[in-house]
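These notes concern the structure reproduced below.
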Amino acid sequence: MIALATVTGCFGSKSRGPSDPTVEQAQKGVERATTSIADYRGPATGSRAQRPRLVVFIAADLTNGGVAGVARGVQQAARTIGWPLRILDGQASKGGHRSALRTAIDLKPGGIILGGFDASEQRKLMRRAHEHHIPVVGWHAGTLPGPDPRNRLFTNVTTDPDEVARLAVRYVIADSGGNAGAVIFTDSEFAIAMRKARVMRAELRSCRRCAELQTVDMPIAEAQVNMPTAVTAFVQHYGARFRYLLAINGAYIAGARAGLVGAGRRPGDPPFGVAAGDGDASEFERIRAGDYQRASIAEPLYLQGWQLVDELNRARAGQPASAYVAPPRLITRDNVPDSNVFDPPGGYRANYERIWGR
Numbered sequence: 107m108i109a110l111a112t113v114t115g116c117f118g119s120k121s122r123g124p125s126d127p128t129v130e131q132a133q134k135g136v137e138r139a140t141t142s143i144a145d146y147r148g149p150a151t152g153s154r155a156q157r158p159r160l161v162v163f164i165a166a167d168l169t170n171g172g173v174a175g176v177a178r179g180v181q182q183a184a185r186t187i188g189w190p191l192r193i194l195d196g197q198a199s200k201g202g203h204r205s206a207l208r209t210a211i212d213l214k215p216g217g218i219i220l221g222g223f224d225a226s227e228q229r230k231l232m233r234r235a236h237e238h239h240i241p242v243v244g245w246h247a248g249t250l251p252g253p254d255p256r257n258r259l260f261t262n263v264t265t266d267p268d269e270v271a272r273l274a275v276r277y278v279i280a281d282s283g284g285n286a287g288a289v290i291f292t293d294s295e296f297a298i299a300m301r302k303a304r305v306m307r308a309e310l311r312s313c314r315r316c317a318e319l320q321t322v323d324m325p326i327a328e329a330q331v332n333m334p335t336a337v338t339a340f341v342q343h344y345g346a347r348f349r350y351l352l353a354i355n356g357a358y359i360a361g362a363r364a365g366l367v368g369a370g371r372r373p374g375d376p377p378f379g380v381a382a383g384d385g386d387a388s389e390f391e392r393i394r395a396g397d398y399q400r401a402s403i404a405e406p407l408y409l410q411g412w413q414l415v416d417e418l419n420r421a422r423a424g425q426p427a428s429a430y431v432a433p434p435r436l437i438t439r440d441n442v443p444d445s446n447v448f449d450p451p452g453g454y455r456a457n458y459e460r461i462w463g464r
């Protein structure tokens with residue numbers, strides 16, 4: 107665990123002064139993010155379904171709820187378009203990712219999907235896939251949505267990480283009345299995670315009476331083991347100033363629970379967990395129960411799984427990637443889905459079926 111920064115900002119009374127418009131802006135942003143109907147239909151046009159060929163989905167870690175949700179969406183879409191699918195588990199390590207990607211290339215598939223790890227991590231094998239004319243698309247396989255030719259990635263499917271990070275912090279600012287003290291947790295193994303952390307820090311600093319107490323670099327895969335000790339130390343060190351636990355993934359909040367219980371904090375006591383990850387079933391359960399988590403920035407995981415298959419179909423048809431980027435959704439106790447995933451209305455399944463001619 108590496109501490110990247112210490113206290114910035116200062117605290118005043120919980121009421122805001124007329125010279126600080128940050129809270130009002132944050133409240134308006136939160137209201138829009140929880141009530142507006144965004145575009146979840148997918149792209150308007152695309153390519154007819156290409157002939158069936160094997161697709162391999164490589165999961166960074168199938169125990170990760172976001173990755174598992176996207177894999178489920180890929181399964182649905184592959185069944186609809188008529189392509190065989192094989193899922194490999196990278197087991198949360200670079201070595202596991204490397205082994206799975208090597209296996210996938212050896213299968214000579216019609217396409218490969220990277221599920222939750224950076225394409226840049228496996229440059230040699232990505233080059234090998236390119237040399238074998240195997241198109242590769244990814245989910246959270248880079249920092250930004252869209253094509254990544256440098257890493258031989260046809261396209262990367264993700265929400266806008268800056269929008270996700272800003273929305274998480276705006277919720278914290280609005281919820282606290284502009285008096286938030288937060289510890290940020292990120293993972294330097296992932297470029298997207300570090301970008302989110304930078305945006306979170308900048309957004310917090312825009313709030314005059316908010317404070318970024320510390321930014322901590324901790325591997326997501328080790329959060330369950332390391333968070334209890336870390337959060338106990340922060341509760342002791344920062345006391346009442348530690349009101350929000352801002353994390354780039356809900357795994358940090360899950361891991362923090364034991365430490366908060368041990369520190370005598372009840373589920374409704376601060377620090378309140380807010381995740382800027384993807385929004386999985388365990389996060390929704392904690393939000394419903396008020397169990398140390400107040401909010402999550404969710405991605406439409408099933409929709410993104412369908413988009414991944416559609417992007418591979420475009421690649422196989424010799425067409426460019428779509429420009430579609432699904433917006434994130436702020437999930438709180440007021441709008442948490444009854445299901446285990448944020449699966450928005452909008453008719454995206456029917457839309458892709460129309461595009462593919464299925």
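Using the working numbering, the final residue of the sequence shown is 464, and nothing's skipped along the way. All C-beta atoms, glycine included, are put in the ideal place defined by N, C-alpha and C. Since we're looking at a predicted model, the values are computed, not measured.
Item                                                                                                                  : Value
Neighbourhood of Y277 by C-beta distance below 7 Å, restricted to the same chain and skipping five residues each side : V136, V380, A401, L436
C-alpha distance - V242 paired with G424, whole-angstrom precision                                                    : 13 Å
C-beta contact flag for R315 and N355 at 9 Å                                                                          : no
R192 Cβ short of 8 Å to the ligand SAM heavy atom set                                                                 : In the structure shown, the ligand SAM is absent, as is every other ligand, since no ligand is present at all.
Per-residue burial, D444 [other beta carbons within 10 Å of its own, 16 or more giving buried]                        : exposed
Coarse secondary structure for S205, derived from DSSP in three states                                                : helix
Rounded C-alpha distance that separates A336 from R258                                                                : 38 Å
Nearest-angstrom Cα separation, counted from A353 out to V180                                                         : 26 Å
Spatial distance of A247 from V173 (CA atoms)                                                                         : 11 Å
Nearest to P255 (by Cα), restricted to the options M300, A297, A271, H236                                             : H236
Beta-carbon proximity check, G442 vs F390, cutoff 9 Å                                                                 : Residue identity check: residue 442 is Val in the sequence provided, not Gly. It is a contact, given that the beta carbons lie within the stated cut-off.
Residue range of the alpha helix (DSSP H) that includes P334                                                          : 329-344
Segment contact flag, the segment 326-346 with the segment 360-371, C-beta cutoff 8 Å, min 3 pairs                    : yes
Continuous alpha helix (DSSP H) stretch holding P267: start and end                                                   : 267-282
Opposing strand residues paired with V263 [DSSP bridges]                                                              : W245
For A427, the nearest candidate out of R138, T151, K134 (CA to CA)                                                    : T151
Expected contact under 8 Å - CB spacing of I193 and A165 to nearest Å                                                 : 6 Å
Beta-carbon proximity of T249 to I298, cut-off 9 Å                                                                    : yes
7 Å CB neighbourhood of R204 in its chain, flanking five on each side removed                                         : Q228, L231
Short Cβ contact (9 Å threshold) for V270 with P406                                                                   : no
8 Å contact criterion, which I290 and M300 should meet: CB distance rounded                                           : No, I290 and M300 are not in contact; Cβ-Cβ is about 11 Å, not under 8 Å.
T338 vs A369 beta-carbon contact at 9 Å                                                                               : yes
Beta bridge counterpart(s) of S428 as assigned by DSSP                                                                : Answer is none; S428 lacks a bridge partner.
Same chain, Cβ closer than 7 Å to A364, five either side skipped, listed in chain order                               : P334
Below-9 Å beta-carbon distance, S402 vs any chain B residue                                                           : In the displayed structure, chain B is absent; only one protein chain is listed.
Limits of the alpha helix (DSSP H) - the one that Q182 falls within                                                   : 171-187
N- and C-terminal bounds of the beta strand (DSSP E) containing F435                                                  : Note on residue identity: the sequence assigns Arg, not Phe, to residue 435. From DSSP, the beta strand (DSSP E) with R435 extends over 435-437.
Residue of F296, R311, G283 minimising C-alpha distance to V129                                                       : G283
Residues near G385 by beta carbon distance below 7 Å, same chain, minus five either side                              : S402, I403, A404, E405, I437, F448
Given V341 as reference, the closest of P267, V367, P215 once Cα atoms are compared                                   : V367
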